[in-house]
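Structure, as structure tokens:
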Amino acid sequence: MSAHDKPDIRRHMERLTAEGVDVVRVTYPDLIGTDRARDVLVDHLPAACEHGLAFCRAVYHTTPQGDVVPVPGGLDAGLPDVTVRPDLSTLTTLPWEPGVATCLGEVTDPATGAPAPESPRDLLRTVLAHCAEQGLRPIVGPELEYFLLEQTAAGWRRHPGTTGAVYTAGLRADPSNHLLRTLRHLRDLGIGVITGNHEFDGGQYEINLTHSDALDAADRSFRFKAAVKELARRDGLLATFMAKPFGDAGGSGFHLHLSCDDAEARNAFDDPAGAHGLSAVARHAIAGIVAHAPALAALLNPTVNSYKRFGPDTLAPWLIDWGLDNRSAMVRIPPERGAGARLELRLGDASANPYLAIAATLAAALLGIRAGEEPSPPLEGYGYDTARSALLPTDLSAALDALEADTDLADLLGKDFTTSYLTYKRNEVERFQRHVTDWEFTEYAYHL
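With the first letter of the sequence shown counted as 1, position 20 gets the number 164 in the working numbering; the numbers rise by one all the way through.
Take a look at the structure:
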């Protein structure tokens, strides 16, 4: 039976045609979480499902400036293909693009049929399989911030530049109604958006997604970021999830709320009789995340710019610690218990690839659960005292070294993936170190 005759594909095609859709955008995340895609005419969807769409594997190794990094399996192998097949279970219409639907793509090696080594979605699946061996089903709630920018003759500036409008909504903080339009489009996209508001700095917004199974949460976060950037472009604006785009403003975070269901679908983090109302599983997970925090930074704070977001009095983590309902801690335990018992990892910034951020966090938590160790006492008070807790890596190079040295975490994530990631990101560090910045010219050119 050809793909065209398969009932599920035919059913999707009939539905799309009835809805006036003639194009399906098949999209997947690259190594840094940017969406890569191809538009497929609906009549050719069966062929795409049967034979797949060919992409050069080196798209995983291509920098934002268009250079191909010499990662094993790319340039050295003659720039081979990967195959991307539409995952029709994720098919949905684009509310703002008439006639277009979109779905995620499954990325495989055409020679073996196995997942591509750099595929972020499949890396998360691998970690989730290890969690299932422990009888745990991770639940994740993502929180993402971003800046909205407009271009002027003097360069990009925040849109709007309103200050002091944290936790506000409406025209006072959002005079072009960007947030309302975006929330409604994202609602219609069906990715589980629940709330939005203007954040601390001018032109900064936060939109929260509901919690769900970890893979679904990563899928929705990936689609969320791509959709927000697309919607901003439609308005002639730029939405950026860069960690810290301006020196005089704070950064944008990617906070992860994490809990786990056990085999009986009960929250495995809750225990009224346990210390702080947390189960042993929860405490071990906290201990694991704290123990592997330096390596986690390489994946949750993945750019040279990421480390400019950290520091005292930023409400971004600076030290490796945890606390009870304490927003100055790296790991915060919200006050809810029972079904709402969870931890909030505040380490990540908005530039992180959602699949890699969630996979790495779960891997560190799982290592803690396997080790069965208790965390240190929780932070009390304002947590930016370096005499009380160890410092996180202060730059990307140090974080990458920590990831390479953390063999337990690297092994759980997979050696092939870790090698590719380290090679790709060390190239970023090298390119930055060779680049002459505006700051350097301003600082030195006239006086030296």
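Each residue gets a CB set at the ideal place from its N, CA and C atoms; glycine is no exception.
Only a predicted model underlies this, so the values are computations on that prediction, with no experimental measurement involved.
Identified DSSP bridge partners for residue i
| i | result |
| --- | --- |
| H342 | T312 and Y349 |
| I477 | L468 |
| L292 | A383 |
| C275 | Note: C275 sits in no beta bridge, so no partner. |
| I283 | D357 and S403 |
| W609 | A question about residue 609 goes unanswered here, because the residues of the chain that appear run from 145 up to 592. |
| T236 | T246 |
| Y204 | Y204 pairs with nothing; no bridge assigned. |
| R514 | According to DSSP, R514 bridges with nothing at all. |
| L487 | L402 |
| L536 | L536 is not bridged to any residue. |
| T307 | According to DSSP, T307 bridges with nothing at all. |
| V213 | Note: V213 sits in no beta bridge, so no partner. |
| L523 | G467 |
| N445 | The partner list for N445 (beta bridge, DSSP) is empty, contrary to what the question assumes. |
| N497 | Looking at the DSSP assignment, N497 forms no beta bridge with any residue, so it has no partner. |
| G397 | D493 |
Presumed contact (8 Å Cβ cut-off) between residue i and residue j, rounded CB distance
| i | j | result |
| --- | --- | --- |
| A546 | A441 | 7 Å |
| L491 | P522 | Not confirmed; about 16 Å, so no contact. |
| L293 | R301 | 7 Å |
| I513 | G432 | 6 Å |
| L375 | T312 | With a Cβ gap of about 20 Å, L375 and T312 do not count as contacting. |
| G482 | A473 | That pair is no contact at about 22 Å. |
| A504 | L463 | Contact doesn't hold; Cβ gap of about 19 Å is too wide. |
| T227 | P254 | 5 Å |
| V215 | S495 | The pair is not a contact, with the Cβ atoms about 20 Å apart (cut-off 8 Å). |
| G336 | L353 | 5 Å |
| L330 | A245 | Actually they do not touch by this definition, with Cβ atoms about 16 Å apart. |
| V573 | S541 | 5 Å |
From the options, residue whose alpha carbon lies closest to that of residue i
| i | options | result |
| --- | --- | --- |
| V271 | F199, A358 and R316 | A358 |
| A599 | R578, K559, Y451 and V434 | Missing from the structure shown is residue 599; the chain here goes from 145 to 592 and no further. |
| L189 | G334, D220, P208 and L235 | L235 |
| G346 | E524, H303, S356 and Y311 | H303 |
| A543 | D529, L292, L566 and L556 | L566 |
| L400 | L536, M157, V284 and L219 | V284 |
| Q348 | P389, A273, L330 and E548 | P389 |
| D360 | A317, G257 and R265 | R265 |
| D414 | P478, V573, D582 and E194 | P478 |
| P286 | R367, T252 and L219 | R367 |
| A501 | K150, V448, A426 and G397 | G397 |
| D552 | P151, L511, D231 and S564 | L511 |
| A276 | N497, A409 and V580 | A409 |
| L248 | D220, T296, V215 and A192 | A192 |
| G444 | P537, A273 and V573 | Checking the sequence, you will find Leu at residue 444 rather than Gly. Nearest C-alpha to L444: P537. |
| D114 | A424, P319 and L382 | As displayed, the chain neither begins before 145 nor continues past 592, which places residue 114 out of reach and without an answer. |
| Q295 | A273, W240, R316 and G380 | G380 |
| T256 | E518, D225 and H355 | D225 |
| H195 | G299, P230, T207 and T178 | P230 |
| L487 | T530, N497 and L402 | L402 |
| A221 | T384, G210 and R201 | R201 |
Span of the beta strand (DSSP E) around residue i
| i | result |
| --- | --- |
| S365 | Per DSSP, S365 belongs to no beta strand (DSSP E); it is in the alpha helix (DSSP H), A358 to R378. |
| F199 | L197 to C200 |
| P224 | Premise fails: P224 is in no beta strand (DSSP E) and is neither H nor E. |
| A181 | D179 to L185 |
| E163 | Counting along the chain, E163 falls outside any beta strand (DSSP E), and DSSP gives it neither H nor E. |
Residue i: first and last residue of the uninterrupted alpha helix (DSSP H) it sits in
| i | result |
| --- | --- |
| L566 | K559 to R578 |
| W462 | Element bounds for W462: n/a, residue is neither H nor E. |
| R169 | Run containing R169: none in the alpha helix (DSSP H); it sits in the beta strand (DSSP E), V167 to P173. |
| A424 | A424 to A435 |
| L324 | H322 to L333 |
| S541 | L540 to A549 |
| D582 | D582 to Y588 |
Proximal residues to residue i (C-beta, below 6 Å), its chain only, five neighbours per side dropped
| i | result |
| --- | --- |
| H591 | none |
| M145 | Summary for M145: the model assigns pLDDT 47, below 50, so the residue's position carries little reliability; its value from the coordinates is reported in the next sentence. None. |
| R182 | V170 and L197 |
| V213 | H205, Y568 and N571 |
| C404 | L280, P282 and A412 |
| P242 | none |
| D465 | A473, M474, L523, G527 and S533 |
| A317 | T306, A309 and H342 |
Cβ-based neighbour list, residue i, same chain, cut-off 8 Å, excluding 5 preceding and 5 following
| i | result |
| --- | --- |
| D550 | H436, P438 and A439 |
| R180 | T171, Y172, P173, D174, F199 and V203 |
| F561 | P261, E262 and L267 |
| M394 | Here residue 394 is Gly; the residue named in the question, Met, does not match the sequence. Taken in chain order, the residues that qualify are F344, D345, Q348, K388, R453, T458, L459 and A460. |
| G164 | P242 and G243 |
| R471 | L459 and R490 |
| R156 | Note that residue 156 is His in the sequence shown here, rather than Arg. The residues are L189, L232 and L235. |
Same chain only: Cβ atoms within 7 Å of residue i, ignoring 5 sequence neighbours per side
| i | result |
| --- | --- |
| D166 | L185, V186 and G243 |
| G218 | R201, A202, H205 and V212 |
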